[in-house]
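Engineer:
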Amino acid sequence: MRSVALLGPEGIGRLLFDQTKLFSSAEGWEPFLGLLFPRGLMLMDFEEHRLHRRALSVAFKAEPLKAYLAALNDGIAARLAQWRQGPREMLFYPAIKQLTLDLAATSFLGAALGPEVEAIKRAFIDMVAASVAFIRKPLPGTAMRRGVEGRALIVDYFSRQAPLRRERGGSDLFAQLCRATHEDGSLMTVREIADHMSFLMMAAHDTLTSSLSAFVHLLGAHPDWQERLRAEVVGLGLEPGEALPFERLDELRLTEMAFKEAMRLIPPVISLPRRATREFEFGGYRIPAGTRVNTSILFAHRMPEIWPEPERFDPLRFTEEAARGRHRFAYAPFGGGAHMCLGLNFAYMQAKCFAYHLLAGTGVSLAPGYRPPWQMVPIPKPRDGLRVTLDPRP
Ligand code: HEM
-13 MRSVALLGPE
-3 GIGRLLFDQT
7 KLFSSAEGWE
17 PFLGLLFPRG
27 LMLMDFEEHR
37 LHRRALSVAF
47 KAEPLKAYLA
57 ALNDGIAARL
67 AQWRQGPREM
77 LFYPAIKQLT
87 LDLAATSFLG
97 AALGPEVEAI
107 KRAFIDMVAA
117 SVAFIRKPLP
127 GTAMRRGVEG
137 RALIVDYFSR
147 QAPLRRERGG
157 SDLFAQLCRA
167 THEDGSLMTV
177 REIADHMSFL
187 MMAAHDTLTS
197 SLSAFVHLLG
207 AHPDWQERLR
217 AEVVGLGLEP
227 GEALPFERLD
237 ELRLTEMAFK
247 EAMRLIPPVI
257 SLPRRATREF
267 EFGGYRIPAG
277 TRVNTSILFA
287 HRMPEIWPEP
297 ERFDPLRFTE
307 EAARGRHRFA
317 YAPFGGGAHM
327 CLGLNFAYMQ
337 AKCFAYHLLA
347 GTGVSLAPGY
357 RPPWQMVPIP
367 KPRDGLRVTL
377 DPRP
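According to my numbering, the stretch in the sequence shown is residues -13 to 380, in order.
(1) What number of angstroms, rounded off, separates the C-alpha of D88 from the C-alpha of L19?
(2) Quick one: what's got a C-beta closer than 7 Å to M30's C-beta in the same chain, skipping five residues either side?
(3) Rounding to the nearest angstrom, what Cα-Cα distance links R151 and A109 in this structure?
(4) Check S197 in the structure and name its three-state DSSP category.
(5) Can you give the beta carbon distance from T241 to E265, rounded, assuming they're within the 8 Å contact cut?
(6) May I ask you to check if the CB of C339 is nearer than 7 Å to at least one heavy atom of the ligand HEM?
(7) By the three-class DSSP mapping on this structure, what secondary structure does T241 have?
(8) Can you round the beta-carbon distance between L85 and R65 to whole angstroms, since I take them to be within the 8 Å contact cut?
(9) When you compare each of F32, P17, G26 and F23 to T263 by their alpha carbons, which one comes out closest?
(10) Out of curiosity, what's the CA-to-CA distance linking G355 and D300?
(11) Is the beta carbon of L235 sitting closer than 8 Å to the one on K338?
(12) Beta carbon of L284, beta carbon of P253: below 8 Å?
(13) Measure from the alpha carbon of G329 to the alpha carbon of each residue in I62, F144, L205 and H182, then state which is nearest.
(14) Kindly give me the distance between the Cβ atoms of V202 and A346, rounded to whole angstroms, as I take these residues to be in contact under 8 Å.
(15) Might you give, ordered along the chain, the residues of its own chain that have their beta carbon closer than 7 Å to the beta carbon of R0, omitting 5 neighbours on each side?
(16) Kindly list the residues whose CB is nearer than 7 Å to the CB of S10, restricted to its own chain and excluding five residues on each side of it in sequence; keep chain order.
(17) Would you mind stating whether D192 and I365 have Cβ atoms separated by less than 8 Å?
(18) Assuming E213 contacts F304 under a Cβ cut-off of 8 Å, what Cβ separation, rounded to an integer in Å, is found between them?
(19) Confirm the yes/no value for this check: CB of C164, any heavy atom of the ligand HEM, distance under 7 Å.
(20) Sort E(-4), G14, T167 and G371 by Cα distance to L258 and report the nearest one.
(21) Note down, in chain order, each residue of its chain lying with its Cβ closer than 7 Å to the Cβ of L55, except the 5 sequence neighbours on either side.
(22) Can you tell which of V134, G311, D158 and R373 has the C-alpha that lies nearest to the C-alpha of F332?
(23) Going by Cα to Cα distance, which pick from E297, V176 and G155 is closest to V141?
(24) Less than 8 Å between the CB atoms is what I'm expecting for A53 and T167, so what's the real figure, rounded?
(25) Classify M(-13) as buried or exposed, calling it buried when 16 or more other Cβ atoms lie within 10 Å of its own Cβ.
(26) Out of R165, A275 and G206, which has the shortest C-alpha to C-alpha gap to S43?
(27) Does any C-beta atom of chain D lie closer than 8 Å to the C-beta of L163?
(28) In the DSSP assignment, what are the bridge partners of A116?
(29) Quick one: using the 10 Å Cβ neighbour count with 16 as the cut-off for buried, is K123 buried or exposed?
(30) Can you grab the Cα-Cα spacing for the pair T277 / Y271, in whole Å?
(31) Going by the C-beta, is P24 closer than 7 Å to any heavy atom of the ligand HEM?
(32) Identify whether Q5 lies in helix, strand or coil by the three-state DSSP scheme.
(33) Give the DSSP-derived three-state secondary structure of E49 in the structure shown.
(34) Would DSSP call F94 helix, strand or coil?
(35) Considering only their Cβ atoms, is the gap separating T348 from P378 smaller than 8 Å?
(36) Alpha carbon to alpha carbon, what distance is there between R250 and A91?
See below:
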């Protein structure tokens, strides 16, 4: 398809912060996600989107996040203990992909998933794979067909479970959505819950897998920074294996800066698509109504006039002082405006929790001279799975 890119921070600002209903997110994302994740937040526009986003936002406030962090702490600590007992050399990407999926299963759906858990995870993997498959029709034998079948299974599961969860309650994300209400006080319908849940799992899964892989790659490639982060983590003074408390997340400042820098160099969502609802002008060009328009986050993150030596890993770009005076939209891994990532705090929390458990007891290194090859499209991933060595640290 033909698409026009509005580049640079001005392009990001124009596309994401428009207040005049000029750009449709639903029509921009439809070709990629429409068959598999219809009626997710990114596939809604304007007033309808605002109402649904408001209903969902209760599930991302501090109290619910605290409960998700408990599930993340348990799941991450247990998995790292397993990794430490396995071979020192491992492929990080498939391992973290599996871990983020398992963590989503517990923090999103609750521990009491029952025997259906494996079928649900499989269906979900098929849906995500289908959203980036080349053949866009669900023909027999294609990834898209498996994805569409996966969606049917997931919708069926959530639809059956939602009424039960409403009665039983719980602190996982699914339970939160089952209690969420629209502005008039009515509960969301079972179908709405099912659509939002599967969309949320998709939005969280590949993005966290990608960003945590970039983070670990860069910490392996920069042992000096890895030591600084380890000192920060150890400096919390927690007992070995103790959970990272929600109240102390803010103390991991260097960890947050390093994670931000990893997402600058390798943003999980490299480009954001929209469709123009009316004719408009940008940079002296007249762009007709109906045009597909996107902005490249990756491009803005590598502009040398904003980021000196853009290829260099330097978390200190994110000190308050360094950020002062930089263009507001020069850095946008979570997008911005009405559709800005709703899971941003969840993502920082999971990244910090992972860094805390990893660095407290383990060193990560790359073989000398090894430069992991990254494939940037559709979602960045290390082509060879990212070979790392894990060594226990006292
Ligand atoms: C490092 C991890 C993540 C990155 C880089 C990321 C990035 C993004 C971006 C760029 C958008 C905006 C898309 C657009 O404007 O077209 C977005 C939207 C969204 N993200 Fe994330 N995301 C991450 C993790 C998560 C997590 C963990 C969740 C849920 C727990 C989540 C839920 C959402 C939702 C619901 C939207 C749609 C918001 C709306 O349309 O109003 N994301 N994300």
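Beta carbons: idealized from backbone N, C-alpha and C, even for Gly. The structure displayed is predicted, hence computed values, not measured ones.
Structural biologist: According to the structure shown:
(1) For the purposes of this step, residue 88 is taken as residue 102 along the sequence shown, with counting starting at 1. For the purposes of this step, residue 19 is taken as residue 33 along the sequence shown, with counting starting at 1. The straight-line gap from Cα to Cα measures roughly 23 Å.
(2) Taking the first residue of the sequence shown as 1, we reach residue 30 at position 44. Cβ within range, chain order: A12 and H38.
(3) By one-based count along the sequence shown, residue 151 stands at place 165. By one-based count along the sequence shown, residue 109 stands at place 123. Each residue's Cα considered, the two are about 21 Å apart.
(4) Counting from one through the sequence shown, the residue named residue 197 turns up at place 211. Three-state DSSP puts S197 in a helix.
(5) One-based indexing of the sequence shown puts residue 241 at position 255. One-based indexing of the sequence shown puts residue 265 at position 279. Wrong, their Cβ atoms sit about 46 Å apart, outside the cutoff.
(6) By one-based count along the sequence shown, residue 339 stands at place 353. Not under cutoff, so the answer is no.
(7) As a position in the sequence shown, residue 241 is number 255, starting the count at 1. It is helical.
(8) Counting from one through the sequence shown, the residue named residue 85 turns up at place 99. Counting from one through the sequence shown, the residue named residue 65 turns up at place 79. About 5 Å; that satisfies the 8 Å criterion.
(9) Within the sequence shown, numbered from 1, the residue matching residue 263 stands at position 277. Taking only the C-alpha atoms, the option nearest T263 is F32.
(10) The residue labelled residue 355 in the question sits at position 369 within the sequence shown. The residue labelled residue 300 in the question sits at position 314 within the sequence shown. If I take the Cα positions, the gap works out to 20 Å.
(11) The count along the sequence shown starts at 1 and reaches residue 235 at position 249. The count along the sequence shown starts at 1 and reaches residue 338 at position 352. Closer than 8 Å, so yes.
(12) In the sequence shown, the residue the question calls residue 284 occupies position 298. In the sequence shown, the residue the question calls residue 253 occupies position 267. Yes, these two residues count as a Cβ contact at 8 Å.
(13) Against the sequence shown, residue 329 aligns to sequence position 343. The residue with the shortest Cα to Cα distance from G329 is H182.
(14) In the sequence shown, the residue the question calls residue 202 occupies position 216. In the sequence shown, the residue the question calls residue 346 occupies position 360. With a Cβ gap of about 15 Å, V202 and A346 do not count as contacting.
(15) Residue numbering aside, residue 0 sits at position 14 when the sequence shown is read from its first letter. The residues are L(-8) and F268.
(16) The residue you call residue 10 lines up with position 24 of the sequence shown. So the qualifying residues of the chain are D31, R260, R261 and T263.
(17) Along the sequence shown, read from residue 1 onward, the residue named residue 192 stands at position 206. Along the sequence shown, read from residue 1 onward, the residue named residue 365 stands at position 379. Cβ distance < 8 Å, so D192 and I365 count as in contact.
(18) Indexing the sequence shown from 1 puts residue 213 at position 227. Indexing the sequence shown from 1 puts residue 304 at position 318. Rounded, the Cβ-Cβ distance is 18 Å, inconsistent with contact.
(19) For this step, residue 164 is matched to residue 178 along the sequence shown. For the ligand HEM, not one heavy atom lies less than 7 Å from the Cβ of C164.
(20) In the sequence shown, residue 258 corresponds to position 272, counting from 1. Among E(-4), G14, T167 and G371, the Cα nearest to that of L258 is on G14.
(21) Here residue 55 refers to the residue found at position 69 of the sequence shown. Contacts found: F232, M335 and C339.
(22) If you number the sequence shown from 1, residue 332 lands on position 346. The shortest C-alpha separation from F332 is found at D158.
(23) Position 155 of the sequence shown, counted from the first residue, corresponds to residue 141. For V141, the nearest C-alpha among the options comes from V176.
(24) On the sequence shown, residue 53 is found 67 positions in, with the first residue counted as 1. On the sequence shown, residue 167 is found 181 positions in, with the first residue counted as 1. In fact, because the Cβ distance is near 19 Å, the residues do not count as touching under 8 Å.
(25) For this step, residue -13 is matched to residue 1 along the sequence shown. Per the 10 Å Cβ criterion, exposed.
(26) As a position in the sequence shown, residue 43 is number 57, starting the count at 1. Checked all of R165, A275 and G206; the closest Cα to S43 is R165.
(27) No chain D is part of this structure, which consists of one protein chain only.
(28) Translated into positions along the sequence shown, residue 116 becomes position 130. Answer is none; A116 lacks a bridge partner.
(29) On the sequence shown, position 137 is the one that residue 123 refers to. With fewer than 16 Cβ atoms within 10 Å of its Cβ, K123 is classed as exposed.
(30) Locating residue 277 in the sequence shown gives position 291, counting from the first residue. Locating residue 271 in the sequence shown gives position 285, counting from the first residue. Their backbone Cα atoms lie some 13 Å apart in a straight line.
(31) Indexing the sequence shown from 1 puts residue 24 at position 38. Outside the cutoff, so no.
(32) For the purposes of this step, residue 5 is identified with residue 19 of the sequence shown, where counting begins at 1. Looking at Q5 - three-state DSSP - the assignment turns out to be coil, as it is neither helix nor strand.
(33) Position 63 of the sequence shown, counting from 1, holds the residue named residue 49. Note: E49 maps to helix in three-state DSSP.
(34) Stepping through the sequence shown from its first residue, residue 94 is reached at position 108. Helix.
(35) For the purposes of this step, residue 378 is taken as the residue at position 392 of the sequence shown. For the purposes of this step, residue 348 is taken as the residue at position 362 of the sequence shown. Closer than 8 Å, so yes.
(36) In the sequence shown, counting from the first residue as 1, residue 91 sits at position 105. In the sequence shown, counting from the first residue as 1, residue 250 sits at position 264. Roughly 28 Å between the two C-alpha positions.
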